[in-house]
Each structure stands twice: as C-alpha cells, then as structure tokens.
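Residue numbers (my numbering): 179 to 404.
As structure tokens, the structure follows; a few thoughts come after it.
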C-alpha cells in the first residue's frame, strides 16, 4: 500500500520531461484524491438531476436486486455506483497515459507533447462539444483497438454508465496536464506495472472493498505489456 503524502497544489508540481521516469504512486494519489472526490460529487449531482439517468439507474438497481447482486436500497447503491464510476474515469485516464508515455499510440491525447493540439483540433471540428466529449472520443477510439476492447470498452469499464459534466472532465484532464501538458508532473511509461496495482488498491477504500480492486486485472497488464 502506498504511503500517504500531503496533497500538493497541481500548479506547484514540478514537470517531468522523461516519459519513462519512475512514478511516485503516493505522490500521485495525494494529487488525485481531491480530484476524485470532486468528480464523485459531480457525477452524483448529474445522476440526481437527470430524470432519464435516474430512471436508467433505478432499472439497473432493480435488475441487480432481482439477481441478488445487491441488497442495498437505491440511494446508497447509487452513491456506491458513483464512487465506482468516478474511480473508473480516473483510472481509464491513467491507462491511456500509460499507452501514451510508452509510445504505443500514434498521438498523445490526454497529456504529453501534442495533446493540447489534438484537443484544439477536436474543438475546431466540433466547437459545440466539451472536454467530456473529448475524453469520451479518446476512450471510444481506444476501445476499437482489438487488444484494448476489454480495457476501454463497455463490457468491463464503468465509465460508460455515467459521464461527468464538462467542468468535471476538464478538472480530470488538469490532473494529468499539470503543471504543463507537454511535460506533466506524472509520467506513466515506466516498465513495471506495479503502480497500477497500487492505484487500484489505494485510490478509494470503499470501491476497493466493494468491488475487490486489489490488483491490476490481467487484461490491463497483458495489454500494456504486449
């Protein structure tokens, strides 16, 4: 388990130009947890404000109760689902960054050299869309890769259950682009995937206990190591 470190303002983080530099998991967690908490609040508000989303979640909750996969009432079940989805949004960005920093993608989209240019082009082509739509497009494109379907696709990844607001997605991107998108503080190209297991274990205790996220799923390691 990663040791706790005092949270540091994102703007105060030092750039790391080496994409293969070892990541300090405890330092990343200290920066990520406030972002995660804000994302949970954002997702919960969106889930409660939208009648269509509420109805869809109630149907899902009823199905899980019928299948005896939960005994919770709707309200606590909804909050727990939101925690799971928020963790998934953050971790999916980490997985994408691992591929970017390893040079496995044609271009950077989340962070690293060229990422902001890619986002600028996206908005030039679709000016009415937001950072949420941008992340959605990044994940969707990665899910079409045969080796990445399990990692980014809807079969295993909860991000497709509920999307954050534009501001929530923007804050999430800022975590990975601070203090500079071209040379962010946190790099994920290190050869070992141990840090992925640390993140699964330490990011959210409630999610870990409820969904048994105690180690990196095999399909994550297999894809990144292939």
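Ideal Cβ positions, reconstructed from N, Cα and C, are used throughout, including at glycine.
For residue 302, the number of other beta carbons within 10 angstroms of its own is below 16, and it is reported as exposed. For residue 309 and residue 347, the gap between their C-alpha atoms comes out near 6 Å. Separation of residue 367 and residue 244 (C-alpha to C-alpha, rounded to the nearest whole angstrom) is 43 Å. Within the same chain, 297 and 300 come within 6 Å of residue 312 by CB-CB distance, once the 5 residues on both sides are set aside. Take the alpha-carbon of residue 379 and the one of residue 259: they are about 17 Å apart. Remark: three or more beta-carbon pairs, one from each stretch, lie closer than 8 Å, so the region 339-355 and the region 204-221 are flagged as touching. The beta carbon of residue 314 sits closer than 8 Å to those of 341, all from its chain and outside the five residues before and after it, given in chain order. In the displayed model, residue 364 falls within coil according to three-state DSSP, outside both helix and strand. Secondary structure note for residue 254: its alpha helix (DSSP H) is the uninterrupted segment 252-279. The DSSP-derived three-state label of residue 334 is coil.
Rounded to the nearest whole angstrom, the CA to CA distance from residue 221 to residue 194 is 31 Å. Per DSSP, reduced to three states, the secondary structure at residue 232 is helical.
Judged by DSSP secondary structure, residue 224 falls within the alpha helix (DSSP H) whose first and last residues are 203-227. According to the DSSP assignment, residue 345 belongs to the alpha helix (DSSP H) that extends over 344-355.
Taking residue 196 as reference, the option from 278, 373, 219 and 349 with the minimal CA-CA separation is 278. In this structure, the straight-line span from the alpha carbon of residue 294 to that of residue 327 is close to 25 Å. In the DSSP annotation of this structure, the continuous segment of the alpha helix (DSSP H) that includes residue 318 starts and ends at 309-321. In this structure residue 324 is exposed. Its beta-carbon is surrounded by fewer than 16 other beta-carbon atoms within 10 angstroms.
Residue range 293-303 is occupied by the alpha helix (DSSP H) that includes residue 294. Here residue 375 carries a helix assignment [DSSP, helix/strand/coil].
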